[in-house]
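Residue numbers (this note's numbering), protein chains in the order written: chain A, 139 to 424; chain B, 2 to 300.
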């Protein structure tokens, strides 16, 4: 009798073990798949920009509970929620600058709406937001790079003259004009995307990208000599030895100045204006 | 006809269809009203409640958050803001009062989908359990969601949580949300009876933990009247919770349904023609309150 009652128990224990193993394996496989999927969805499409104050992407995916309150409180309908099966991680907020850029509200309602701090409440001044970084990505189509005066991106920038400046360069095509090169400054650009939105080209030449994509990084040991010199007030290396010119006696050469100087006559054999030299030569021939 | 007898037939015959479905109707009203409250904003511009079940703000005053989502967030290494934290505490207290899995039966919209699947199962005469899962599977999945959050530092379950996907689908745009809901419906209809809500969903597991401690409970107070018609077992999404209370199998012969798995859906109260079941608190362990009166009346 004792044997009989033990036997079914032994089987049920075996059953229990195999059931548990089956369940554990099944769930683990499911979990593995889910984990892989979650890692894949972490790579945010480069044109999807997170709202102001968003934590770094790695922290954000653990902090955002996908409630969409930031989307609701965005007065310009800039923010969208990633849809199930879409490119952006399901349920997380983003915006596409080319469609609707961030208007940089002073009171930052999206950050105020966030219950978890995934949009960090430390962001109190919208100018400190770093949603992304504008980059003038295509010099071949940007009108200002052709020597034209479009500069809509510069004019529309909420931080004009800080985040985008126009840098003058010589225009060798015409010889007498300047290029006004729109130049983004990463220490001021918030990544609001108004420049990308406003770019007049059918496909924007200036685009807001995640900062890690848009920004290079110089090696930590790099020093720029002229900056170091300014900081120290003097050159940190031995001063350059003055260049020795092997010239006939009584003749000097002034680099970056008058050029070749005949001390005897104090005349300049080749004047500053090359046309004079040419005309002189022409006159000599006649 | 060898079609399954629909449970509650006797009850309908004696008190009418409406009374025999009163709790069910109230539950549907609750589930639909909550969704409708959220929908009023995006659909009609009337912003009473913003957000979704993960976190919401009512009339710009009351902030509520889902404690299970915040638990995952905590495992993912993020310490939540105070708004979310206090919101989660309020929700915790609420479900500790009314029953943990009241979330499942009175709030969660997926419940309507799986209830429909189960109803159709009966209508189509699909017998048996289909693919069998034990509740252990649910516990494993629940543990998995927390482990995944810890390992990946992401709230992984919210990527696929059908409850969230349903709500976000309706409130923020469907995407492929429809396919997920259809998949759950077909799963419960053809693959596994009451498979999702009663065996697999980790959200239900979490609220089940709260439910084992919650105050409001169903009691089989008049169990001596039971005529073993089995209607309550047939309608109950978690039939195993009824038996200990109904058949006096607990040590203290307690008529309370004590399992946290009970969803307080009250369908057993609806269908029982003998008035065995009723709502009470966990402190009321009285047995057969109306028994003496009924004995006197009955010959």
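All C-beta atoms, glycine included, are put in the ideal place defined by N, C-alpha and C. Treat the numbers as computed from the prediction; the structure is a model and nothing was measured.
Helix, strand or coil, according to DSSP, for residue 281 (chain A) in the structure here? Look at residue 281 (chain A) here: in three-state DSSP terms it is helix.
Alpha-carbon spacing of residue 293 (chain B) relative to residue 218 (chain B), whole angstroms: Bear in mind that a pLDDT of 47 at residue 293 (chain B), under 50, signals an unreliable position, so the number given afterwards is only what the model happens to contain. Rounded to whole angstroms, residue 293 (chain B) to residue 218 (chain B) spans 23 Å at the Cα level.
For the alpha helix (DSSP H) holding residue 420 (chain A), just list the boundary residues, first then last. Following the DSSP letters along the chain, one finds residue 420 (chain A) inside the alpha helix (DSSP H) bounded by residues 412-423.
Straight-line Cα distance separating residue 273 (chain A) from residue 254 (chain A): Their Cα atoms are separated by approximately 31 Å.
Could you tell me the boundaries of the alpha helix (DSSP H) in which residue 159 (chain B) lies? Residues 158-161.
Using 8 Å as the cut-off, can you tell me whether the region 198-205 of chain B makes contact with the region 133-149 of chain B, which would need three or more C-beta pairs spanning the two stretches below that distance? Judged by Cβ distances under 8 Å, the region 198-205 of chain B makes contact with the region 133-149 of chain B, as three or more pairs qualify.
What would DSSP say about residue 282 (chain B), mapped onto helix, strand or coil? Residue 282 (chain B) falls in the strand class under three-state DSSP.
Starting from the N-terminal side, write out each stretch of the beta strand (DSSP E) that is 3 residues or longer and does not extend beyond the region 326-376 of chain A. If we require 3 residues or more, the beta strand (DSSP E) runs fully inside the region 326-376 of chain A come out as 344-347.
How about residue 162 (chain A): is its C-beta nearer than 8 Å to some C-beta of chain B? It does; some Cβ of chain B falls within 8 Å.
Residues of its chain near residue 235 (chain A), where Cβ-Cβ distance is below 7 Å and the 5 sequence neighbours each way are ignored: So the list reads 187, 331, 334, 335, 346, once near-sequence residues are dropped.
Would you call residue 361 (chain A) buried or exposed, if buried means 16 or more other Cβ atoms sit within 10 Å of its Cβ? Exposed, because fewer than 16 other Cβ atoms sit within 10 Å of the Cβ of residue 361 (chain A).
Residue 201 (chain A) by DSSP, collapsed to three states: which one? In this structure, residue 201 (chain A) counts as helix in the three-state DSSP scheme.
Where residue 154 (chain B) sits in the DSSP three-state scheme: Here residue 154 (chain B) sits in coil by DSSP.
Going along the chain, which residues of the region 186-200 of chain A sit with their C-beta nearer than 7 Å to a C-beta in chain B? Answer in chain order: 196, 197, 199, 200.
Beta-carbon proximity check, residue 297 (chain A) vs residue 349 (chain A), cutoff 8 Å: In this structure, residue 297 (chain A) keeps its C-beta atom at 8 Å or more from the C-beta atom of residue 349 (chain A).
State the DSSP-derived secondary structure class of residue 182 (chain A), mapped to helix, strand or coil. Here residue 182 (chain A) sits in coil by DSSP.
Residue 144 (chain A), DSSP secondary structure in three states: Low confidence applies to residue 144 (chain A): its pLDDT is 43, below 50, so where it sits in the model is not reliable, and the reading given next is rough at best. Here residue 144 (chain A) sits in helix by DSSP.
When you compare only the Cα positions, how much space is there between residue 105 (chain B) and residue 205 (chain B)? Rounded to the nearest angstrom, the gap between the Cα atoms of residue 105 (chain B) and residue 205 (chain B) is 6 Å.
Contact between the region 258-269 of chain A and the region 212-220 of chain A: three or more CB pairs below 8 Å? No, the region 258-269 of chain A does not touch the region 212-220 of chain A.
Do residue 217 (chain A) and residue 248 (chain A) have their C-beta atoms closer together than 8 Å? Contact: yes.
Three-state secondary structure (DSSP) of residue 133 (chain B): Residue 133 (chain B): coil per DSSP, three-state reduction.
For residue 130 (chain B) and residue 193 (chain B), the rounded distance between their alpha carbons: Straight-line Cα distance between these residues: approximately 6 Å.
State the DSSP-derived secondary structure class of residue 233 (chain A), mapped to helix, strand or coil. The answer is strand: DSSP assigns residue 233 (chain A) an E or B state.
Would a check of beta-carbon distances place residue 77 (chain B) closer than 8 Å to chain A? For residue 77 (chain B), a Cβ of chain A is located within less than 8 Å of the residue's own Cβ.
CB contact check: residue 199 (chain B) to chain A, cutoff 8 Å: Taking Cβ atoms only, chain A never reaches closer than 8 Å to residue 199 (chain B), which makes this a no.
Using only alpha-carbon positions, find the residue among A:200, A:175, A:241 that is nearest to residue 225 (chain A). Looking at the Cα atoms, A:175 is the closest of the given residues.
Where in the region 204-238 of chain B do unbroken runs of the beta strand (DSSP E), each at least 3 residues long, occur, reported from the N-terminal end onward? Listed in chain order, the complete beta strand (DSSP E) runs (minimum 3 residues) inside the region 204-238 of chain B are 217-220.
Residues of the region 251-262 of chain A with Cβ closer than 9 Å to any Cβ of chain B, in chain order: So the close ones are 251, 252, 253, 254, 255, 256, 259.
Interface residues of chain A around residue 156 (chain B) at Cβ under 8 Å? Correct list: 199, 200, 202, 203, 204.
Taking DSSP's pairing of strands, which residues face residue 290 (chain A) in a bridge? As far as DSSP is concerned, residue 290 (chain A) takes part in no beta bridge.
Beta-ladder partner(s) of residue 322 (chain A), from DSSP: Its beta-bridge partners are A:302.
For a test of the three-state rule: what should DSSP assign to residue 143 (chain B), helix, strand or coil? Helix.
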